[in-house]
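Peer 1: My questions all concern the structure below.
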């Protein structure tokens, strides 16, 4: 057991740091079009799709180097390494694994160059957590599929150019996991209508999508017909080290401590209140647990041992921390905590109150806590399925 | 970067697990729990022969010269089977001597301890639920060559088994450690919720001995030894929590109610998943803390408090739910689940409860 890095790994960290020092102005001092420059620069360095094979334009970055890169980026509060989030997270890996040569050439470069934003058409009005039960239908007609049905809660749909879509091509199947097909569909297709949904924070990040006789070329099918479930599962299994997340959460904890130091509660400094102190310490305890869980799982991966569903452990911690940390900040400040951005007494410009209304993004978006608990109980502890 | 165990450490783990299954299974644990000493001379000898009694003792004193992370592996596996052997106390006594004793005493005593010819324990604080130098009230009055002890050590772990004791005392010059042989004192056994742990109260009034048996101890050394205690306790908690989770999880797969295994109901399976999340988490924190003892001493206080702070409350709840999820069978004396609940009660206050450790995390973290 040791927490030291090899000279090569240390050199890579130094390379990242010195790049950030030279090319990343502090937040607030970045020019308006900085993101564009940044994306070109990190693309040039090979850090977009860093873990992807070189033949696809990645860097074959190893697990530890990925960890170092994410950690340093988070520490420096850097912009993202590429803005095609879902493209980088699972659409790209899915295409590399299941796509045709033509699909690889058509889609991969645009994802790496942040030219195309993808959204993910999985959930339907009656099927959220129960993903495999989808009803959105595609029927073959010549060299096209004709899609009819509805998707919902599609994050990023209002501004995405493409959607990775799960449809049912066969209703006569014994297992609901069969008969599902994965299609790559342009968002400006004829018959495709996006209706944004306002969330409780007042944002319109997700949407309903209606498909009426949308014609999708068979060439845009990812994987074989009926193989969509496997495509999805292997794409979602593209789990990454959560170390970047942990660094961000430590940063949020620091902000929370700063808030506590500057807040009074019942006329006394909040930092003297034992409950306040222990609550903050509990947050630190959980974030630290996430960190060392993550390193333990990373070590397993490096040794080539399969990860089963251990990452659900950190997802559950993350979910409760997402809710509790913002909520604690809001509650700590009483009436002032309630004020949104623009309020005269708004705390930290209303960032806590806004954030306290946004937790479902993380908590529900990545699979609800109840689903994560099912995964742990069934796949790790071997309990019978529901 | 490697947050995993070496081949040797995995072999050590297997060795201890086998020892627990073959030589100290639950029947033996229950038998020892009923005995006056909680001790089995043959098992102790076996542990000595396997090198476990001198795991962290440098080779020059006959030990294996390994690290706390290795000791953690051993204590975790012993904790799984709720071993009553005073292994943690003995290791803490070694740590206390290595930290505070003179070279000639180390040369004299450590080889005996490593060989298992002595069973040692360490007792630090005299007030319940107070981790603070002021909670050491027993005194040692040094008068030239002679020292006279007084006061009471009310919470001495493994006192029923120990042949030698190391007591934190207050001297005219500050804190000290007094080393006392069993012949010099009387141990009053204290009935405990956890029958596998033999706690005693010891009056020091009138004990006199040569002053060379008392060593000065700084407050920093006291803090370090307290952290070692929390570390050892947490390692045992990791093993015990793993075991009660395994026991409960197995039961949930077999117990049929309303025509289904109870593990199929989310009320049961979700609680099991939460137990798993907690055990995994304080396990990771425990391993990290164990690593800091030898390899990053300045990070040790925070690391130990994170681990023990998490484990104290989480294991207590796991003990309760482990029994509760079993239903009535878990409540019976015959079934083993209750023994783990009792161990969780024992472990919670040892070397600081969660409030103590969380307060420390807050203070170390700039609040």
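Protein chains in written order, with our numbering: chain A, 4 to 389; chain B, 1484 to 1850.
Here a beta-carbon is modelled for each residue, glycine too, at the ideal position from N, C-alpha and C.
With distances taken between CB atoms, is the gap from residue 1842 of chain B to residue 1783 of chain B smaller than 8 Å?
Peer 2: Not in contact: residue 1842 of chain B and residue 1783 of chain B (Cβ atoms no closer than 8 Å).
Peer 1: Closer than 6 Å by C-beta to residue 1634 of chain B: which residues in its own chain qualify, once you throw out the five before and the five after it? Chain order, please.
Peer 2: Closer than 6 Å at the Cβ level, and outside the excluded window around residue 1634 of chain B, lie 1620, 1621, 1622, 1687.
Peer 1: Below 8 Å, how does it come out for the segment 201-211 of chain A and the segment 153-161 of chain A: are there three or more Cβ pairs, yes or no?
Peer 2: Touching, yes.
Peer 1: Return the first residue and the last residue of the alpha helix (DSSP H) that residue 277 of chain A is part of.
Peer 2: That run of the alpha helix (DSSP H) goes 277-305.
Peer 1: Is it true that the CB of residue 1834 of chain B sits closer than 8 Å to the CB of residue 1791 of chain B?
Peer 2: Contact: yes.
Peer 1: Taking the beta carbon of residue 1637 of chain B as the centre, do at least 16 other beta carbons fall within 10 Å, making it buried, or is it exposed?
Peer 2: With 16 or more other Cβ atoms within 10 Å, it is buried.
Peer 1: For residue 224 of chain A, which option in A/250, A/196, A/189 has the closest C-alpha, if you only look at C-alpha atoms?
Peer 2: Checked all of A/250, A/196, A/189; the closest Cα to residue 224 of chain A is A/189.
Peer 1: Which of the three DSSP states is assigned to residue 1665 of chain B in this structure?
Peer 2: Looking at residue 1665 of chain B - three-state DSSP - the assignment turns out to be helix.
Peer 1: Can you tell which of A/193, A/359, A/268 has its C-alpha closest to the C-alpha of residue 336 of chain A?
Peer 2: Out of A/193, A/359, A/268, A/268 has the C-alpha closest to the C-alpha of residue 336 of chain A.
Peer 1: Using beta carbons (cut-off 8 Å, strictly below), is residue 1792 of chain B in contact with chain A?
Peer 2: It does: the Cβ of residue 1792 of chain B has a partner Cβ on chain A nearer than 8 Å.
Peer 1: Run through the DSSP bridge pairs and tell me what residue 154 of chain A is partnered with.
Peer 2: Beta-bridge pairing links residue 154 of chain A to A/212.
Peer 1: What residue ranges within the segment 1510-1571 of chain B form continuous alpha helix (DSSP H) runs of no fewer than 4 residues, ordered along the chain?
Peer 2: Complete alpha helix (DSSP H) runs here, min 4: 1524-1532, 1551-1563.
Peer 1: How would you label residue 1761 of chain B, buried or exposed, when you count the other beta carbons within 10 angstroms and need 16 or more for buried?
Peer 2: Buried, because 16 or more other Cβ atoms sit within 10 Å of the Cβ of residue 1761 of chain B.
Peer 1: Say whether chain B places a C-beta atom closer than 8 Å to the C-beta of residue 133 of chain A.
Peer 2: Taking Cβ atoms only, chain B never reaches closer than 8 Å to residue 133 of chain A, which makes this a no.
Peer 1: Below 8 Å on the Cβ atoms is my contact criterion, and I expect residue 296 of chain A with residue 1764 of chain B to pass it. Report the Cβ-Cβ distance as a whole number of Å.
Peer 2: Between residue 1764 of chain B and residue 296 of chain A the Cβ distance is about 6 Å, and since that is below 8 Å, they are a contact.
Peer 1: What ranges does the alpha helix (DSSP H) occupy inside the segment 1621-1698 of chain B, keeping only unbroken runs of at least 4 residues that lie completely in it?
Peer 2: Fully enclosed alpha helix (DSSP H) runs of 4 or longer: not present.
Peer 1: Would you list, in chain order, the members of the segment 343-367 of chain A that have their beta-carbon closer than 8 Å to a beta-carbon of chain B?
Peer 2: Answer in chain order: no residues at all.
Peer 1: For residue 276 of chain A and residue 1800 of chain B, what's the separation of their Cα atoms in angstroms?
Peer 2: Their backbone Cα atoms lie some 25 Å apart in a straight line.
Peer 1: What's the call for residue 1494 of chain B, buried or exposed, on a 16-neighbour Cβ count within 10 Å?
Peer 2: Exposed.
Peer 1: At 7 Å on the CB atoms, spell out the chain E contacts of residue 1768 of chain B, in chain order.
Peer 2: In the structure shown, chain E does not exist; the protein chains are A and B.
Peer 1: Starting from the C-beta of residue 3 of chain A, find all residues in its chain whose C-beta is less than 7 Å away, skip the five residues before and the five after it, and write them out in chain order.
Peer 2: This structure gives no information on residue 3 of chain A, because the portion of chain A shown stretches from 4 to 389.
Peer 1: First and last residue of the alpha helix (DSSP H) that includes residue 45 of chain A?
Peer 2: Its alpha helix (DSSP H) spans residues 37-48.
Peer 1: Please report how far the alpha carbon of residue 1578 of chain B lies from the alpha carbon of residue 1708 of chain B, in whole angstroms.
Peer 2: If you take the alpha carbons of residue 1578 of chain B and residue 1708 of chain B, they lie about 7 Å apart.
Peer 1: Closest to residue 1516 of chain B by C-alpha separation, out of B/1670, B/1632, B/1662, B/1682, would be which residue?
Peer 2: The option with the nearest alpha carbon to residue 1516 of chain B is B/1682.
Peer 1: Under the three-state reduction of DSSP, which class applies to residue 195 of chain A: helix, strand or coil?
Peer 2: Of the three classes helix, strand and coil, the one that applies to residue 195 of chain A here is strand, per DSSP.
Peer 1: Output needed for residue 374 of chain A: all residues of its chain with C-beta closer than 6 Å, excluding positions within five of it in sequence on either side, in chain order.
Peer 2: These residues qualify, in order along the chain: 132.
Peer 1: Let's test the definition: count the other Cβ atoms within 10 Å of the Cβ of residue 1553 of chain B and tell me whether it reaches 16, buried, or not, exposed.
Peer 2: By the neighbour-count rule (16 or more Cβ atoms within 10 Å), residue 1553 of chain B is buried.
Peer 1: With distances taken between CB atoms, is the gap from residue 46 of chain A to residue 116 of chain A smaller than 8 Å?
Peer 2: Yes, they are a contact pair.
Peer 1: Starting from residue 329 of chain A, trace the alpha helix (DSSP H) in both directions and tell me its first and last residue.
Peer 2: First-last of the alpha helix (DSSP H) with residue 329 of chain A: 314-335.
Peer 1: Contact between the segment 1578-1596 of chain B and the segment 1737-1750 of chain B is defined here as three or more beta-carbon pairs at a separation below 8 Å; is this criterion met?
Peer 2: With the cut-off at 8 Å, the segment 1578-1596 of chain B and the segment 1737-1750 of chain B do not touch.
Peer 1: Of the residues A/384, A/154, A/119, A/148, which one's Cα is nearest the Cα of residue 128 of chain A?
Peer 2: Residue A/154 is the option with its Cα nearest to residue 128 of chain A.
Peer 1: Buried or exposed: which applies to residue 171 of chain A, given that a residue is buried once 16 or more other Cβ atoms fall within 10 Å of its Cβ?
Peer 2: Result: buried.
Peer 1: Going by DSSP in three states, residue 1796 of chain B sits in which element: helix, strand or coil?
Peer 2: Of the three classes helix, strand and coil, the one that applies to residue 1796 of chain B here is helix, per DSSP.
Peer 1: Can you tell me where the beta strand (DSSP E) holding residue 139 of chain A begins and where it ends?
Peer 2: Careful: residue 139 of chain A lies outside any beta strand (DSSP E) and carries neither H nor E.
Peer 1: Does any C-beta atom of chain B lie closer than 8 Å to the C-beta of residue 287 of chain A?
Peer 2: So, interface residue.
Peer 1: Check whether the segment 1689-1698 of chain B touches the segment 1719-1730 of chain B, taking contact to mean three or more Cβ pairs, one atom from each stretch, closer than 8 Å.
Peer 2: Short answer: they don't touch.
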